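One structure is given here, and the rest of the page talks about it.
Numbering (the working numbering), first residue to last: 4 to 107.
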């Protein structure tokens, strides 16, 4: 097995180990470039979409506490802790519909 010239540390590495070392360095460099490329593609291809307008404040009925919020094209739905779904108009903030859920 041929040894490479001494690199100043007093030990010489076999040629196959030296080749493996360069392959690992190349793989590391290509992975770094790949991650940077993926980040650039994600940032440029998926720009932030403007959020649709939402009323400043929605009035919940007495005793209602919001649990979650869902948004549609022209409505906002709020589920409450007392098993109701409140549907509001997106542009005006007026309550359109109340759906009462029943538990089995």
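Cβ atoms here follow ideal geometry from the backbone N, Cα and C, with glycine treated the same way.
No experiment lies behind these values; they were computed from the predicted model shown.
Item: The alpha helix (DSSP H) enclosing residue 33, as first and last residue numbers; Value: 18-48
Item: Opposing strand residues paired with residue 98 [DSSP bridges]; Value: 91
Item: Residue environment, residue 89, which counts as buried when at least 16 other CB atoms sit within 10 Å; Value: buried
Item: 8 Å Cβ cutoff met for residue 58 and residue 96; Value: yes
Item: DSSP-derived helix/strand/coil call for residue 75; Value: coil
Item: Beta-carbon proximity of residue 77 to residue 52, cut-off 8 Å; Value: no
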